[in-house]
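Undergrad:
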Amino acid sequence: MQILTLLPGLKTLRYAVFSGRPTRPQKSGIIGDYRGALPCRMALDKIPATPDVIGVRVRFGGTEFRGSVVADGDVLQRLETLTPAAPLHLPAVIELVNQCATRFPGVPQVLTFDTAFFADLPARERLYALDDKLIRAHGLQRFGYCGLMHAAAWQRAAQKGASRVISLCLEPRPELTAIQNGRPLYVTSGATPVEGLPGQTTCGDLDPGLVVLLAEELGWGAERLNTFLTRESGLKGLTGRAMTFDELFAGRNRAYALARDVIRYRLLLACGMSLAAMGGVDAMVISGRHVAAGQALARWLKRQAVFQRLKKPVAVFRLRATVEQLVAEQALLFGGERLREAAA
Amino acid sequence: MNILVLNCGSSSLKYRLLAMPEARELAGGEAQRVGPRTAEPARILHNVNGRQTVHPATMPDHATAFEEVLKLLARTGAPRPDALGHRLVHGGSRFSGAVVIDDVALRDLQAIQKLAPLHNPPATALVAACRQRYPDLPQVAVFDTAYHATIPEYAATYALPRRLTARLGIRKYGFHGTSHQYVVEEAARFLKKPLAEFNAVSCHLGSGGASLCAVVGGRSVDNTMGFSPLQGLVMSTRCGDLDPAATLRLLIAARGDTGTVEKTLNKTSGVLGLSGVSADIRDVLAAADDERARAASQVYLWRLRKYLGAYLAVVGRADAIIFTDTIGETMPEVRAAVCADLDCFGIRMDFQRNAAALPLPCDVAAAESLTRILVVATNEELAIGRRTYATLTSEKGVLPCKS
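So the sequences go chain by chain: Y and G. Our numbering applies: residue 1 is where the first sequence begins, and numbers increase by one. Our numbering applies: residue 1 is where the second sequence begins, and numbers increase by one.
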């Protein structure tokens with residue numbers, strides 16, 4: 001059985017082709033400029049695959065999508081209603097799903113949602129202290145955005161007997177969540193992945209007054225501010241150059257010491273919050289593209305007094321799975337079922 | 001030396017006349033409804049020897065209110081103040097300790113007003129008016145941010161481009177420092193620990209603003225408020241933490257009108273916005289059968305609990321958790337909800353003792369708890385009076401924030 005995974009991004013479409021089990025992809029690639037009907041069709045034509053099932057990674061599903069689903073007319077309609085909350089991403093997804101149906105007719109498409117793992121975040125964690133009307137008008141509530149990774153991290157730790165897990169996904173936009181008995185209780189991200197831990201180019205937690213100050217002092221409009229907070233901040237802002245978490249923590253350049261300290265400190269705060277949320281911790285799981293830096297950070301965290309004083313030392317696990325593999329697993333699970341139904 | 005401590009709110013002026021250094025209170029009170037005329041008349045509530053009298057007065061601004069207070073003090077036989085101690089919320093990066101007001105200091109105060117647009121301008125205007133009318137009366141400014149000057153750079157830095165943050169003075173300043181410092185010193189004394197070895201998490205939970213402070217060796221190492229008093233905990237009408245992209249979304253919805261967004265986040269959010277019932281968390285906790293009120297209480301308590309965990313992780317081994325100010329001192333259920341199930345930090349509360357935490361200071365931790373849980377009464381006016389006295393009697397006239 002051949003599985004095709006599609007990861008639509010802001011500008012590029014990443015694909016991977018798996019045969020049978022989702023371990024190593026047979027083929028993979030990145031196609032630029034896939035947005036819009038015609039470019040999307042041309043992009044799909046370039047993918048050398050005859051899939052039995054397709055997995056599409058969707059970054060936002062709100063509280064509407066609580067797990068993976070097989071795409072159909074109803075699902076597309078529900079996606080459509082969510083577009084105001086993710087106006088750049090969801091239209092591209094909808095276009096992609098429609099074009100896939102033409103390019104690969106009859107092949108089930110499984111949509112997996114980054115936010116699904118967080119659809120049941122407790123209200124105390126989900127809600128911002130804003131006027132009810134504002135929350136509803138703008139859909140301002142907290143989600144997590146690395147749900148696929150965290151779900152896999154939880155399973156990994158649960159197999160080893162853990163029931164309270166701190167999961168750190170070190171992607172360019174990192175995210176930490178506290179999971180108790182499979183349910184996330186606390187997550188660093190917010191209404192968008194901009195809140196929380198600083199990323200490679202995203203600012204992370206800010207005083208809300210600062211956004212207002214920047215608009216006033218610099219006379220910047222929304223677009224400029226958005227670029228500033230999401231493309232020029234984070235590690236790039238702190239160090240003055242574009243760099244990954246692996247680069248930052250592999251080197252010892254003294255000029256970047258402050259950036260390393262800031263990241264470590266923010267992680268320590270997040271771990272303290274996790275401990276308060278779960279009343280303790282059994283395991284920590286590191287995942288994501290920059291798992292090497294994550295392991296160095298986990299070693300540092302374990303040395304801090306708050307972890308040292310735990311009655312049972314925290315176990316640290318590493319999750320090597322890529323997002324593509326996890327999407328392929330979901331496609332196999334949900335799409336495979338559909339195929340078997342069709343065969344029967 | 002008789003020091004008149006002045007604390008400007010946006011529409012009030014609290015004052016206390018203290019005989020220093022013995023810290024004897026000679027008179028005190030609050031001028032209410034200072035500013036444009038409101039539905040009810042402006043008045044001064046004046047206390048002498050525990051007896052309160054009410055005095056109507058016309059007070060279009062804080063300077064007039066100050067004159068009325070001086071007249072009232074003279075009329076009730078109080079001695080004339082020898083010096084003034086002003087509470088200033090924001091000291092920016094210019095003021096890391098209390099300062100005697102001279103022309104340079106006043107000019108600098110005026111220059112940093114916009115750092116705290118709601119709080120600094122009335123106090124700064126009052127300092128200027130007092131200096132003009134009573135040039136011989138020594139004045140000292142005491143800053144809420146000063147205690148936090150010891151927050152390490154990595155904890156004070158936002159992940160924004162450094163050149164810009166340097167130019168605009170963007171960093172975490174932290175607030176409520178006068179109160180945090182006061183209760184930390186009281187707590188260390190109560191536990192008979194040398195201040196330099198005292199680690200704690202201080203919870204200043206006011207009926208309006210609230211913040212937590214991580215304390216190592218008697219010094220502030222972090223505060224939940226940030227560049228402005230808007231960040232951190234859920235407050236009566238302030239939102240506390242919010243996704244920067246969400247703030248941006250609100251700014252777009254307001255068509256770029258920063259004033260509207262500022263007002264929304266400062267005046268109609270927090271406990272008021274969430275509950276729709278009241279801006280006072282005490283009312284909201286009591287309205288348990290209202291669904292929105294219940295959600296608001298949960299969000300308020302949860303945010304508090306998360307930050308307590310975060311700062312316990314920062315402090316490492318805390319000698320004490322300190323609760324203070326209106327909510328911290330008088331709401332045992334808030335303390336209990338926040339401290340429950342924190343065994344992993346070595347914390348255990350004696351819930352019975354917590355229910356009747358009197359007299360203050362009071363230890364409400366269980367005997368086996370590795371960390372004490374203290375309820376301590378704050379006294380910002382006394383702290384300002386002490387700092388003013390120390391500043392005026394020290395040789396240099398400028399006292400570092402750590403005395």
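Every residue gets a Cβ at the ideal spot worked out from N, C-alpha and C, and that includes glycine. From a predicted model like this one, the values you see are computed outputs, not experimental measurements.
According to DSSP, is Ala-200 (chain G) helix, strand or coil?
TA: Ala-200 (chain G) falls in the strand class under three-state DSSP.
Undergrad: Please classify Glu-329 (chain G): is it buried, with 16 or more other beta-carbons within 10 angstroms of its beta-carbon, or exposed?
TA: Answer is buried; the Cβ neighbour count reaches 16.
Undergrad: When you compare each of G:Asp-341, G:Glu-22, G:Ala-111, G:Val-375 to Cys-362 (chain G) by their alpha carbons, which one comes out closest?
TA: Nearest of G:Asp-341, G:Glu-22, G:Ala-111, G:Val-375 to Cys-362 (chain G), Cα basis: G:Val-375.
Undergrad: What does DSSP give as the partner residue(s) for Asn-379 (chain G) in the beta ladder?
TA: In DSSP, Asn-379 (chain G) forms no bridge with anything.
Undergrad: Rank G:Pro-152, G:Arg-37, G:Gly-35, G:Ala-65 by C-alpha distance to the C-alpha of Leu-45 (chain G) and give the top, closest one.
TA: That would be G:Ala-65, whose Cα lies nearest to the Cα of Leu-45 (chain G).
Undergrad: Any heavy atom of the ligand HEM closer than 7 angstroms to the beta-carbon of Leu-106 (chain G)?
TA: This structure does not include the ligand HEM; it has no bound ligands of any sort.
Undergrad: Could you tell me the distance, in whole angstroms, from the CA atom of Leu-308 (chain G) to the CA atom of Met-273 (chain Y)?
TA: Cα-Cα distance, rounded: 8 angstroms.
Undergrad: How is the alpha helix (DSSP H) around Lys-311 (chain Y) delimited, first residue to last?
TA: It is not in any alpha helix (DSSP H) - Lys-311 (chain Y) carries neither H nor E in the DSSP assignment.
Undergrad: Report yes or no: do three or more beta-carbon pairs, one from the region 138 to 155 of chain G and one from the region 185 to 199 of chain G, lie closer than 8 angstroms?
TA: Taking 8 angstroms as the limit for Cβ pairs, the verdict is that the region 185 to 199 of chain G does not touch the region 138 to 155 of chain G.
Undergrad: Can you check DSSP and say which residues form a bridge with Thr-145 (chain G)?
TA: In DSSP, Thr-145 (chain G) forms no bridge with anything.
Undergrad: Is there a Cβ from chain Y that is less than 8 angstroms from the Cβ of Lys-263 (chain G)?
TA: So, not an interface residue.
Undergrad: Starting from the Cα of Thr-258 (chain G), find the closest Cα among Y:Leu-235, Y:Leu-82, Y:Ile-54, Y:Ala-215 and give me that residue.
TA: Selected option, being the one with the closest Cα: Y:Ala-215.
Undergrad: Quick one: which unbroken beta strand (DSSP E) runs of 3-plus residues sit fully inside the region 222 to 269 of chain G? Chain order, please.
TA: For the region 222 to 269 of chain G, not a single whole beta strand (DSSP E) run of length 3 or above is found.
Undergrad: Going along the chain, which residues of the region 358 to 374 of chain G sit with their C-beta nearer than 8 angstroms to a C-beta in chain Y?
TA: Here the close residues number zero.
Undergrad: Taking Cys-203 (chain G) as the reference, give the member of G:Glu-197, G:Met-225, G:Gly-217 with the closest Cα.
TA: Measuring from the Cα of Cys-203 (chain G), the nearest candidate turns out to be G:Met-225.
Undergrad: With H, G and I counted as helix, E and B as strand and the rest as coil, what does DSSP make of His-62 (chain G)?
TA: Three-state DSSP puts His-62 (chain G) in a helix.
Undergrad: Counting contacts by CB-CB distance shorter than 8 angstroms, is Ser-228 (chain G) in contact with chain Y?
TA: Yes - at least one Cβ of chain Y is within 8 angstroms of the one on Ser-228 (chain G).
Undergrad: Candidates Y:Cys-100, Y:Leu-13, Y:Gly-36, Y:Lys-11: which alpha carbon is nearest Pro-51 (chain Y)'s?
TA: Selected option, being the one with the closest Cα: Y:Cys-100.
Undergrad: Going along the region 237 to 249 of chain G in order, which residues come within less than 9 angstroms of chain Y, judged by CB to CB distance?
TA: Listed by position along the chain: Arg-238, Cys-239, Gly-240, Asp-241, Leu-242, Asp-243, Pro-244, Ala-245, Ala-246, Thr-247, Leu-248, Arg-249.
Undergrad: If we define contact as Cβ-Cβ less than 8 angstroms, is Ser-269 (chain G) a contact residue for chain Y?
TA: At least one chain Y Cβ lies under 8 angstroms of Ser-269 (chain G).
Undergrad: Note the first and the last residue of the continuous beta strand (DSSP E) segment covering Phe-95 (chain G).
TA: Counting along the chain, Phe-95 (chain G) falls outside any beta strand (DSSP E), and DSSP gives it neither H nor E.
Undergrad: Ala-137 (chain Y) to Ala-222 (chain Y), Cα distance in whole Å?
TA: Between Ala-137 (chain Y) and Ala-222 (chain Y), the C-alpha separation is close to 18 angstroms.
Undergrad: Closest to Ser-167 (chain Y) by C-alpha separation, out of Y:Gly-161, Y:Tyr-186, Y:Asp-131, would be which residue?
TA: The candidate whose alpha carbon is nearest that of Ser-167 (chain Y) is Y:Tyr-186.
Undergrad: Could you give the first and the last residue of the continuous beta strand (DSSP E) run that contains Ala-105 (chain G)?
TA: Ala-105 (chain G) -> not in any beta strand (DSSP E); alpha helix (DSSP H) instead, spanning 103 to 111.
Undergrad: In the DSSP assignment, what are the bridge partners of Asp-343 (chain G)?
TA: Bridge partners of Asp-343 (chain G): none, in fact.
Undergrad: Give me the residue from G:Ala-366, G:Glu-333, G:Val-140, G:Thr-371 with the minimum Cα distance to Ala-355 (chain G).
TA: Looking at the Cα atoms, G:Glu-333 is the closest of the given residues.
Undergrad: Under 8 angstroms, Cβ to Cβ, is there at least one residue of chain Y near Arg-292 (chain G)?
TA: Chain Y, which has a Cβ nearer than 8 angstroms to the Cβ of Arg-292 (chain G), makes this yes.
Undergrad: Let me know the secondary structure DSSP gives Leu-6 (chain G) once reduced to three states.
TA: Here Leu-6 (chain G) sits in strand by DSSP.
Undergrad: Using 8 angstroms as the limit for Cβ to Cβ distance, is Glu-186 (chain G) near chain Y?
TA: No, because no Cβ of chain Y sits closer than 8 angstroms to the Cβ of Glu-186 (chain G).
Undergrad: Quick one: which chain G residues come within Cβ less than 8 angstroms of Val-316 (chain Y)?
TA: Going along chain G, no residue has its Cβ under 8 angstroms from Val-316 (chain Y), so there is no contact; the nearest lies around 17 angstroms.
Undergrad: Chain G partners of Thr-192 (chain Y), CB-CB under 8 angstroms?
TA: Residues of chain G passing the Cβ test: Asp-243, Ala-245, Ala-246.
Undergrad: Less than 8 angstroms between the beta carbons of His-119 (chain G) and His-90 (chain G), yes or no?
TA: Closer than 8 angstroms, so yes.
Undergrad: Under 7 angstroms between beta-carbons, which chain Y residues line up against Tyr-154 (chain G)? List them in chain order, please.
TA: The answer, in chain order, is Leu-258, Asp-261, Val-262, Tyr-265.
Undergrad: Quick check on Asp-363 (chain G): does DSSP put it in helix, strand or coil?
TA: Three-state result, Asp-363 (chain G): strand.
Undergrad: Going by Cα to Cα distance, which pick from G:Val-314, G:Cys-213, G:Leu-164 is closest to Leu-275 (chain Y)?
TA: Considering only alpha carbons, the answer is G:Val-314.
Undergrad: Can you give me the C-alpha to C-alpha distance between Ile-347 (chain G) and Gly-251 (chain Y), rounded to a whole angstrom?
TA: Distance between the alpha carbons of Ile-347 (chain G) and Gly-251 (chain Y) is about 39 angstroms.
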